[in-house]
Each structure stands twice: as C-alpha cells, then as structure tokens.
Amino acid sequence: MADTPAQAEPSRRADPRVLEMLVCPLTKTALIYDEARQELISRAARLAYPIRDGIPVMLPEEARALDDDELRHLGKK
Amino acid sequence: MTPEHDIFDRRLLVARRNRAADGAADHDFLLTRVADDLMERLGAIKRRFPVALNLGAQHGVLGRRVRQLPGVEFVIDMEPAPRLLAQCEGPRVQADEEALPFADRSLDLVVSGLALHLVNDLPGTLLQVRRALKPDGLLLAAMLGGTTLHELRTALLAAEEELEGGASPRVAPFADVRDLGALLQRAGFALPVADAETVTVTYAHPLALMRELRAMGATNVLRQRRKAPLRRATLARALQVYAERFGRAGSRIPATFEIITLTAWAPHESQQKPLQPGTAKTRLADALGTREQPAGERARPGGSRS
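As they're listed, the protein sequences go chains A and B. Numbering follows numbering that gives the first Met the number 0, with no gaps: position 72 of the first sequence is 71. Numbering follows numbering that gives the first Met the number 0, with no gaps: position 136 of the second sequence is 135.
Structural data, given as structure tokens:
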C-alpha cells in the first residue's frame, strides 16, 4: 500500500468547518473561497480577506480591495 | 464607521497586546481566574454545546479549557492581535470583536474572557453575538466593570488636578453591572443575568501595579488620552496619593478589579417566558390573601389631602 502523499501541513490549512461558518464581517454576506489565492471574497464589500498560515484574517483593513474587472470575473465562475 | 467618536483606540489596543504577547502567559492571573470561574458555571449547565467560539481569545487560556468540556466538540479562538492568536491552539480566526465574521445561527456557545469592556459599541457587539448564536445558544462572558482600578483612577485624577490644574482620562470607563442586563435584553437575549464580583489584588507598590498593567497590554488606549507621557512630578504625586488614601497597615496597596459575568440565551420557544396578561389561573388577591378592590374604585387614601 502506498502512503497517501502528504498534502500541505495540516496546521497550515484553514479548517473547512471554520470556512463554512464565516461571513463578511461588514456585510454578513456569504464569502467565495479562492483556494489558489487563499482568499475569502466578499462580493458585497468588494474585499478579499486573506488566509495566512491557515488563519482567516477577517479584518477589513487587512483585506484587498477588488476592482470592477475582478468582480466581473467572479461572476463568470 | 466614525472612529473619531470611539472611546477606545482599537488599533492601539492590538499594538499594545502584540507587544505584550511574549509575556502574556506570565501575567494572566486575572484571565486564568475568570476562565476557571466561567468553566465552573458551564459545568453546572447540563447541556451540550457542539460548536463554541472564544471571543477575544487573547492567548487561548479560556479556549483551552472549553475544549476539555465533554459536550463541546469544536472551539474556535477569535482574537484581533495576531501574536496572541499565534499562541492559541486549534482552529482560529483573526477578527475584531466589533465586527463578527460568523454566519447567523452558526454557534451553540460564545464564551469571552476580559474582552468586552474594550469594545466601543457593546450593544452592537452583543447584537451580533446573539444573531450568530443558534436558538437556545448561550453567551457566557466575563468583562471588567465599574469599580475596576478606581484607586488608580482617583490617584491620577487628584495628582493631575493638583499639579497641572486639569485632568485627562487615564483609566477607562467601565460599564455598570446595573446597565448590562438591560443591554442584553435590548440585544434580543432571553433570560439575561449580569452579576458582579470584586477581586482585590495587592501590590508592594503602585508602580508594581502599573508595570503589571503594561505587561498585560492593558495600559491606556482611550482615544481622548493625553498623548504626552505622564510628567515625572505628577506620577510621583499620584503614587503618593495612592499609598496615602488606599495603602494598608501592612504597607501593601490594593487594586480593585470588578468582574462582571454575563449569562444570556438566544431566544427559543422551550424557554420560560412571562404569561400573556389576562391568562392568570389564580387571582392575585387570593395569592396575597387580601380582598380585591373593584377596578376604578380608589383605595381609601391613608392621609387627607387638601
């Protein structure tokens, strides 16, 4: 039996149970999880909250502002 | 968002907490005491709380304890200061107590140790907590109240007034236990209770108290604080006033911490409620063993009025 290849270090990954419960702290609306960029996107607040070392940082002042292009792109996903 | 109206500078608070983070575990006697008390209260409630949040987790003292409870499956530590959050174990979220990032009805239990007295908008925070709780979910929170550090407040005010002809706020205003029950009710909680306990800690000298407050990351974060440091002479006079007015025979000085504990439930139909008016099954007069006065007829006044 081959060992399952180790994924990212467990402590470095955001807990899926936590991600399921999170909403945008400003608008309380649902978030889109961008796994590749490790961001939680609030369409309503036009913000992308970072996940650092597996810890969601739900602070508007730490979030990245989204421009119109990015928001449009999200719509197609 | 109008930070200029805020009482507390939350950014400064996070900076102070981060700076004190390395030594946090050496100066957490108050938080440890609070955490033990909250655990005792939780232990007396025969209910399961599968999903719990530790609000304003600091370095995880309370979260670690709650994780040990048999009816609790999952505890999230939430704290705005990253260097404190790094010391927590298990799932974590970096967020501000004033802007909760949790979905409505997602939590069975919210605990909080010594965090809520530093939020600017307590009614708003309580409302967000209530909404994030599932029906019949519990908020159990300990915060500092009214008489906390009243000795230090008095000493600093007296010294500043005496030597500088005016005073500036140096010790935070704390909520009064009498107001908190009403605040919980306004936030939509059922069965709210706020009780207070006074803890007196003694120090060899007022300076030792001030050093400890600094080590706890608990120094002045009031927005209206005077930005210039306390003058040497004023500090010296404050220390003198402190010892003179509050010092004890044994020469140690006391420092008061009032701990207010909030217990409140998100409403649920199974909870006891007052009956609708007019649905009583027993007459009040019978219960009191007295004769009922017909409505509209005045009881005879005891004294005469001209």
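Glycine included, every Cβ here is placed at the ideal spot set by N, Cα and C. Quick caveat: nothing in here was measured; it's all calculated off a predicted structure.
(request) Look at residue 263 of chain B and residue 143 of chain B and say whether their C-beta atoms are less than 8 Å apart. (result) Sequence index remark: in the second sequence, residue 263 of chain B carries index 264 (1-based). Sequence index remark: in the second sequence, residue 143 of chain B carries index 144 (1-based). The answer is no: Cβ separation not under 8 Å.
(request) Report the residues of the stretch 86-111 of chain B with a CB closer than 7 Å to any CB of chain A, ordered along the chain. (result) 90, 91, 92, 93, 94, 95, 98, 99, 100, 101, 102 and 105
(request) Using a Cβ-Cβ cut-off of 8 Å, state whether residue 122 of chain B counts as contacting chain A. (result) Sequence index remark: in the second sequence, residue 122 of chain B carries index 123 (1-based). So no, residue 122 of chain B is outside the interface.
(request) Ignore the nearest five residues each way along the sequence and tell me which others in residue 82 of chain B's own chain have a CB closer than 6 Å to its CB. (result) As a first step, residue 82 of chain B must be located in the second sequence, where it is residue number 83. These residues qualify, in order along the chain: 17 and 20.
(request) Over the uninterrupted beta strand (DSSP E) stretch that includes residue 197 of chain B, give me the two end residues. (result) Working through the second sequence from its first residue, we reach residue 197 of chain B at position 198. Taken as a continuous stretch (DSSP letters only), the beta strand (DSSP E) holding residue 197 of chain B covers 189-202.
(request) Could you spell out where the beta strand (DSSP E) holding residue 106 of chain B opens and where it closes? (result) Translated into the one-based positions of the second sequence, residue 106 of chain B becomes position 107. Residue 106 of chain B -> beta strand (DSSP E) spans 106-112.
(message) As a quick exercise: from B:36, B:213, B:271 and B:10, pick the residue whose alpha carbon is nearest that of residue 196 of chain B.
(response) Residue mapping note: residue 196 of chain B aligns to position 197 of the second sequence, counting from 1. It is B:36 whose Cα lies nearest to the Cα of residue 196 of chain B.
(message) Any C-beta of chain B within less than 9 Å: which residues of the stretch 48-72 of chain A qualify?
(response) Result list: 48, 51, 52, 53, 54, 55, 56, 57, 58, 59, 60 and 61.
(request) Identify the contact partners of residue 16 of chain A in chain B, using a Cβ-Cβ distance below 9 Å as the criterion. (result) Position 17 of the first sequence, counted from the first residue, corresponds to residue 16 of chain A. The answer, in chain order, is 50, 73, 75 and 90.
(request) Using a threshold of 8 Å, state whether the C-beta atoms of residue 7 of chain B and residue 222 of chain B are closer than that. (result) Taking the second sequence and counting its residues from 1, the one referred to as residue 7 of chain B is at position 8. Taking the second sequence and counting its residues from 1, the one referred to as residue 222 of chain B is at position 223. A contact, by the Cβ cut-off of 8 Å.
(request) Using a Cβ-Cβ cut-off of less than 9 Å, give me the residues of the stretch 20-32 of chain A that come near chain B, in sequence order. (result) 20, 21, 22, 23, 24, 25, 27, 29 and 30
(request) Kindly identify the DSSP beta-bridge partner or partners of residue 64 of chain A. (result) If you number the first sequence from 1, residue 64 of chain A lands on position 65. DSSP lists A:46 as partners of residue 64 of chain A.
(request) Could you spell out where the alpha helix (DSSP H) holding residue 39 of chain B opens and where it closes? (result) Indexing the second sequence from 1 puts residue 39 of chain B at position 40. From DSSP, the alpha helix (DSSP H) with residue 39 of chain B extends over 28-42.
(message) Please list the terminal residues of the continuous beta strand (DSSP E) segment that includes residue 77 of chain B.
(response) As a working mapping, residue 77 of chain B is identified with position 78 in the second sequence. Its beta strand (DSSP E) spans residues 73-77.
(request) Would you check if the distance between the CB atom of residue 87 of chain B and the CB atom of residue 43 of chain B is smaller than 8 Å? (result) For this step, residue 87 of chain B is matched to residue 88 along the second sequence. For this step, residue 43 of chain B is matched to residue 44 along the second sequence. In this structure, residue 43 of chain B does not lie closer than 8 Å to residue 87 of chain B by Cβ.
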